[in-house]
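Here is the structure we will look at.
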Amino acid sequence: MNSLRRMLQILDLYGADTPVLDVETICARLNYPPATTYRYLKELCTSGLLIRSPEGYAPGPRFIEMDLLIREFDPLVSRCRPLLRSLVEQTGLDVLIGQQYGERILTTHQETGPERFELLFGRGRTMDMFRSSTARIVTAYLPTRHLRRLYEKNQEIDYVQRLGKEWPAFSAHMQELRRAGYCITKEQINPGIGGISAPIFDDAKRIFGSLTLLGTLERFEAISPEALANLIQPAARAVSRALAQV
Numbered sequence: 001m002n003s004l005r006r007m008l009q010i011l012d013l014y015g016a017d018t019p020v021l022d023v024e025t026i027c028a029r030l031n032y033p034p035a036t037t038y039r040y041l042k043e044l045c046t047s048g049l050l051i052r053s054p055e056g057y058a059p060g061p062r063f064i065e066m067d068l069l070i071r072e073f074d075p076l077v078s079r080c081r082p083l084l085r086s087l088v089e090q091t092g093l094d095v096l097i098g099q100q101y102g103e104r105i106l107t108t109h110q111e112t113g114p115e116r117f118e119l120l121f122g123r124g125r126t127m128d129m130f131r132s133s134t135a136r137i138v139t140a141y142l143p144t145r146h147l148r149r150l151y152e153k154n155q156e157i158d159y160v161q162r163l164g165k166e167w168p169a170f171s172a173h174m175q176e177l178r179r180a181g182y183c184i185t186k187e188q189i190n191p192g193i194g195g196i197s198a199p200i201f202d203d204a205k206r207i208f209g210s211l212t213l214l215g216t217l218e219r220f221e222a223i224s225p226e227a228l229a230n231l232i233q234p235a236a237r238a239v240s241r242a243l244a245q246v
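Position 110 of the sequence shown, counted from 1, bears residue number 110 in UniProt numbering, the numbering being contiguous throughout.
Next up, the structure:
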């Protein structure tokens with residue numbers, strides 16, 4: 001592993017449970033010598049990616065600057081915003097774009113509807129590959145070898161077992177989602193929230209992420225599943241076409 005990758009691995013340690021890290025923790029988790037860790041931290045602070053605090057090191061102002069650029073100038077969102085707003089206006093539901101990020105799904109954009117509710121997986125937050133419709137439809141389109149490896153790594157988790165206690169049953173469930181072309185889940189992460197998702201593909205026809213309509217169960221269930229599917233699937237195809245042009 002080259003030194004740049006070793007330095008960037010420090011950023012991988014940050015999360016909701018670890019917003020600030022001290023040198024001792026970084027050394028212990030990555031097995032880096034203190035001298036190397038201090039050198040990497042100096043470079044990350046100089047670039048603005050980290051900032052020193054009394055408790056240790058925290059994400060720095062460069063992330064705020066980059067977040068503003070993404071919010072205002074993300075080419076995919078810019079191309080698709082009229083479509084996303086149209087979905088909100090037609091349904092009264094929120095719209096999410098989720099992107100695969102390793103073995104997680106990251107919510108990269110959210111268009112809000114008239115109802116206000118707090119999502120546990122809103123913009124900037126990651127979720128695993130199994131629970132929500134946003135993630136599950138992406139999982140269904142993974143290459144078989146990747147899908148099986150992911151399943152075997154997580155098959156002891158209770159909500160994964162509900163999708164299939166053994167690989168054949170799980171694989172069959174994923175095939176059903178691919179045939180349908182969409183996934184519906186209710187109250188998988190947020191109580192009282194339901195969602196429907198369809199896949200987004202890149203220009204090489206590989207799974208990229210998903211497009212989701214979601215809202216309170218009262219509003220979500222007021223629209224038939226067939227009507228929601230007829231909205232979300234062509235919209236996801238349009239986002240896929242826009243992605244190919246970015």
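The beta-carbon is built from N, C-alpha and C at its ideal position, and this holds for glycine as well.
From which residue to which residue does the beta strand (DSSP E) around residue 247 run? An answer regarding residue 247 cannot be provided, because it is not within the stretch 1 to 246 covered by the chain.
Selected residue, minimal CA-CA separation from residue 178, among 53, 186, 140 and 236: Taking the first residue of the sequence shown as position 1, residue 178 is located at position 178. Of 53, 186, 140 and 236, the residue nearest in Cα terms is 140.
3 or more residues per run - each beta strand (DSSP E) lying fully within the segment 22-58: If you keep only unbroken beta strand (DSSP E) runs of at least 3 residues inside the segment 22-58, you get 50-53.
Considering only their Cβ atoms, is the gap separating residue 192 from residue 185 smaller than 8 Å? Within the sequence shown, the letter at position 185 stands for residue 185. Within the sequence shown, the letter at position 192 stands for residue 192. Cβ atoms of residue 185 and residue 192: not closer than 8 Å.
Candidates 146, 99, 39 and 53: closest to residue 19 by CA position: Within the sequence shown, residue 19 is the residue found at index 19, counting from 1. Nearest of 146, 99, 39 and 53 to residue 19, Cα basis: 53.
Quick check on the burial criterion: 16 or more other C-beta atoms within 10 angstroms. Buried or exposed for residue 175? What you label residue 175 is simply residue 175 of the sequence shown in a count that begins at 1. With a 10 Å radius around the Cβ and a threshold of 16 neighbouring Cβ atoms, residue 175 comes out exposed.
With distances taken from CA atoms, which of 26, 13 and 100 is nearest residue 128? Taking the sequence shown and counting its residues from 1, the one referred to as residue 128 is at position 128. Sorting 26, 13 and 100 by C-alpha distance to the C-alpha of residue 128 places 100 at the top.
Residue 33 to residue 64, Cα distance in whole Å? In the sequence shown, residue 33 corresponds to position 33, counting from 1. In the sequence shown, residue 64 corresponds to position 64, counting from 1. Distance between the alpha carbons of residue 33 and residue 64: 30 Å.
Compare the beta carbon distance of residue 120 and residue 214 with 8 Å and say whether it is the shorter of the two. Locating residue 120 in the sequence shown gives position 120, counting from the first residue. Locating residue 214 in the sequence shown gives position 214, counting from the first residue. In terms of Cβ geometry, residue 120 and residue 214 do not form a close pair [threshold 8 Å].
Neighbour-count burial assignment, residue 220, 16 or more Cβ in a 10 Å radius: As a working note, residue 220 is residue 220 in the sequence shown. Classification for residue 220: buried.
For residue 84, tell me which candidate among 218, 244 and 237 has the shortest Cα-Cα distance. Stepping through the sequence shown from its first residue, residue 84 is reached at position 84. That would be 237, whose Cα lies nearest to the Cα of residue 84.
Residues bridged to residue 96 by DSSP? For this step, residue 96 is matched to residue 96 along the sequence shown. Per DSSP, 110 and 212.
Assign residue 171 to one of three DSSP states: helix, strand, or coil. Residue 171 sits at position 171 when you count from the first residue of the sequence shown. Note: residue 171 maps to helix in three-state DSSP.
Is residue 113 near residue 93, with beta carbons less than 8 Å apart? Sequence index remark: in the sequence shown, residue 113 carries index 113 (1-based). Sequence index remark: in the sequence shown, residue 93 carries index 93 (1-based). Contact: yes.
Cα separation between residue 153 and residue 147? As a position in the sequence shown, residue 153 is number 153, starting the count at 1. As a position in the sequence shown, residue 147 is number 147, starting the count at 1. Approximately 10 Å, taken between the alpha carbons.
With a CB to CB cut of under 6 Å and the five nearest residues on each side skipped, what residues in its chain are close to residue 3? Translated into the one-based positions of the sequence shown, residue 3 becomes position 3. None.
Taking DSSP as the reference, what is the three-state secondary structure of residue 199? For the purposes of this step, residue 199 is taken as the residue at position 199 of the sequence shown. If DSSP states are grouped into helix, strand and coil, residue 199 belongs with the strands.
Considering only residues of the same chain and omitting the five flanking positions on each side of residue 23, which have a CB-CB separation below 6 Å? If you number the sequence shown from 1, residue 23 lands on position 23. Contacts found: 37.
Please confirm if the segment 9-19 is in contact with the segment 40-48, defined as three or more CB-CB distances below 8 Å between the two stretches. yes
Between 115, 173, 246 and 90, which lies nearest to residue 217 when the distance is taken from Cα to Cα? What you label residue 217 is simply residue 217 of the sequence shown in a count that begins at 1. With respect to the C-alpha of residue 217, the residue from 115, 173, 246 and 90 having the closest C-alpha is 115.
Starting from the C-beta of residue 208, find all residues in its chain whose C-beta is less than 7 Å away, skip the five residues before and the five after it, and write them out in chain order. Position 208 of the sequence shown, counting from 1, holds the residue named residue 208. Correct list, in chain order: 99, 100, 200, 201, 202 and 243.
On the DSSP letters alone, give me the boundaries of the beta strand (DSSP E) that residue 186 sits inside. The residue you call residue 186 lines up with position 186 of the sequence shown. Counting along the chain, the beta strand (DSSP E) containing residue 186 begins and ends at 183-186.
Coarse secondary structure for residue 14, derived from DSSP in three states: Translated into the one-based positions of the sequence shown, residue 14 becomes position 14. Coil at residue 14, not helix or strand.
With DSSP run on the structure shown, which of helix, strand or coil describes residue 207? What you label residue 207 is simply residue 207 of the sequence shown in a count that begins at 1. The answer is strand: DSSP assigns residue 207 an E or B state.
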